[in-house]
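Heads up: the sequence shown begins at 1 in UniProt numbering, then just goes up one per residue.
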Amino acid sequence: MSDVVPELAADEDKPYCIWYPDVASEDTYRQLVKRYPDMRYTIGRACAVAGYATLYHELDLLPEVSIAEEARDNSTNDGSKTIFDAIMKQPACYAILNDYTRSCNIDNPLFPAFMNSDTAVQSSLDIRLGLDKYKKWCDHYFNIAEDFNVGEVSSEKTNRQTIGPEHVGLFYTPLLSHLPTTNKDPLIIMAAYEGNIERYVRLRRPVFLHDEGYAIVRGIYHNTTFAKWWSIEVKRTSPEWDSVIEDAVLARFIMVNDLSHITPVKPTLHRIPHLIWWPLIPAEATLRELLRRRPEAKLQVAMACIAGDYRRLWDELAPEPQSELMDQARQDQLHPEATPHWPRSPNRNYYVGYLEQKAKELKVPVPRSKRSECEDAAVRDKEPTSTWLDDEISAHPYALVNSYPGGSVYQWGSQAIASHWELLICSSEAMRRKAQEEGGLRLYDDEMIP
């Protein structure tokens with residue numbers, strides 16, 4: 001970048017990014033490729049940034065997707081646009097440069113390859129973070145300049161992981177072979193949340209995004225094929241999530257009446273899922289067999305009996321009063337406008353009556369204190385919707401997790417709720433524009449015109 005061709009004795013001394021913060025002259029890159037021909041693809045990438053179309057053609061490279069994405073990102077430069085057009089005229093592209101690992105795979109490139117937003121394009125490198133914000137960035141999936149984007153002060157430009165309003169349609173339309181220039185993080189999170197295998201596998205990055213694990217758990221609970229795929233894939237993920245994902249998979253399998261993965265000793269006591277009756281309710285026979293194999297799952301089975309109205313099995317269990325069971329039976333949802341004149345309205349049913357009568361017989365009050373995480377799963381509204389229309393969809397940390405501050409029905413820390421995203425996706429173009437103008441808005445207020 002200083003127009004000096006250095007002596008590089010070993011491969012590990014060769015830099016990956018040679019186009020930021022400045023590009024070198026075209027002649028310097030030409031000298032560099034003569035001395036180090038194995039750097040020709042990173043030099044081609046520099047040509048895409050600088051618009052050196054003549055040198056790019058001299059390099060005689062395979063059409064490479066990261067070079068194409070870089071050229072597209074700099075297409076206001078005539079030379080860069082020429083490079084992009086030349087690559088797009090080819091019948092197929094290759095993936096040779098890897099921005100996640102800062103590596104160049106010339107000998108065995110991925111083919112065919114497509115522009116998939118896996119490139120840290122030059123414009124994204126302009127984001128600078130002061131030391132006060134560095135810790136929030138240091139585990140970012142890209143670090144091609146090997147400086148973690150640290151600066152003396154933070155730049156006005158930030159990496160909000162926001163998908164542009166013109167690309168919201170990517171959530172609900174088939175993905176093109178080549179993705180447009182955008183941040184795909186929200187698309188990854190939503191694909192995981194919905195349990196969409198094809199989209200998720202296509203889009204995901206080598207490392208988990210902040211809310212991704214929570215979204216995966218939700219997707220597994222709602223999609224059997226996603227659960228089955230993760231049962232095979234789980235060992236390839238991060239250690240902090242593998243047991244959580246395995247437990248979610250087991251819960252989905254139980255809900256579709258598969259107990260082939262449950263033995264008297266496996267899973268361990270604390271790995272038996274707490275929520276096994278939503279969004280599907282297993283058959284009564286399945287619950288009876290689960291209890292036979294694992295008597296310690298009695299509480300979960302009893303709660304599932306309430307959900308499925310399995311009175312015969314419930315009577316066989318003859319459970320003693322527990323706060324979790326009473327909450328499950330009453331389904332006592334606190335109304336946001338509850339008053340002394342409009343009190344909470346819990347259900348009255350067979351199970352509430354049973355527990356109250358049992359408590360009288362035992363001469364004990366029904367326990368009020370929470371005794372297990374099963375209680376979090378007893379809430380009536382497990383995925384609250386929202387009337388707040390956001391002005392954007394952004395996958396910043398806690399974007400989905402903070403949408404549900406009440407814990408997690410799935411027992412693992414926090415719960416991902418995409419209600420804000422779903423509302424924006426469903427809204428008309430006119431409503432989206434209004435939300436952008438106002439920085440978000442509350443729907444159906446008195447002054448609000450739908």
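All C-beta atoms, glycine included, are put in the ideal place defined by N, C-alpha and C. The structure presented is a predicted model; accordingly, all values stated were derived computationally and were not measured.
- For I393, the secondary structure class from DSSP, reduced to helix, strand or coil, is strand.
- Straight-line measurement puts the Cα of L203 at about 30 Å from the Cα of R271.
- By the beta-carbon neighbour count (other beta carbons within 10 angstroms, threshold 16), L97 is buried.
- Shown here, I232 sits in a helix according to DSSP, grouped into three states.
- By the neighbour-count criterion, in which a residue is buried when 16 or more other Cβ atoms sit within 10 angstroms of its Cβ, Y350 is exposed.
- Within the stretch 265-333, the runs of alpha helix (DSSP H) that reach at least 4 residues and sit entirely inside it are, in chain order, 284-293, 298-308, 311-317, 323-330.
- In the DSSP assignment, Y56 falls within the alpha helix (DSSP H) that extends over 53-59.
- In this structure, E246 sits away from V256, with a CB-CB distance that is not shorter than 8 Å.
- Straight-line measurement puts the Cα of R128 at about 10 Å from the Cα of D147.
- As DSSP reads the structure, Y41 sits in no beta bridge.
- Annotation for S123: D73 place their beta carbon closer than 7 Å to its own, counting only its chain and skipping 5 residues before and after.
- Assigned with DSSP and collapsed to three states, P239 falls in helix.
- Note on geometry: alpha-carbon atoms of W314 and R330 lie some 16 Å from one another.
- Between L259 and Q411, the gap from beta carbon to beta carbon reaches 8 Å or more.
- In the three-state scheme derived from DSSP, where H, G and I count as helix and E and B as strand, P112 is classed as strand.
- Ranked by Cα distance from T42, the options N116, D376, K298, P15 are led by P15.
- Short of 6 Å from the beta carbon of P321, and not among the five residues preceding or following it, lie these beta carbons of its own chain, in chain order: L355, K358, A359, V366.
- In the structure shown, T162 falls within a strand segment according to DSSP collapsed to helix, strand and coil.
- Out of H140, W278, L59, T225, the CA that lies nearest to the CA of P397 is found in H140.
- Checking the DSSP bridge columns, you'll see W388 partnered with R442.
- With distances taken between CA atoms, M39 lies nearest to V5 out of D22, R218, V5, E70.
- Assigned with DSSP and collapsed to three states, E152 falls in coil, not helix or strand.
- H222 and P279 do touch by the CB rule: their CB atoms are close to 6 Å apart, below 8 Å.
- If you draw a 10 Å sphere on the C-beta of I232, you find fewer than 16 other C-beta atoms in it, and that means exposed.
- Close CB contacts of A145 within its chain, under the 7 Å cut and outside five residues either way in sequence, are with C17, Y20, L125 (chain order).
- At a Cβ-Cβ threshold of 8 Å, L59 and G44 count as neighbours.
- Bounds of the beta strand (DSSP E) holding A95 are 93-95.
- Shown here, N402 sits in a helix according to DSSP, grouped into three states.
- For the options R294, L175, A318, E284, the alpha carbon positioned closest to that of G308 is the one of E284.
- Beta-bridge analysis with DSSP links S103 to N98.
- In the displayed model, L423 falls within a helix according to three-state DSSP.
- In this structure, DSSP gives E64 an extended state, which the three-state scheme calls strand.
- Distance between S323 and I281, taken at the CA atoms: about 21 Å.
- In the structure shown, L355 adopts helical secondary structure according to DSSP, grouped into three states.
- In this structure, D3 is the residue among G51, D11, D3 with its C-alpha nearest to the C-alpha of A24.
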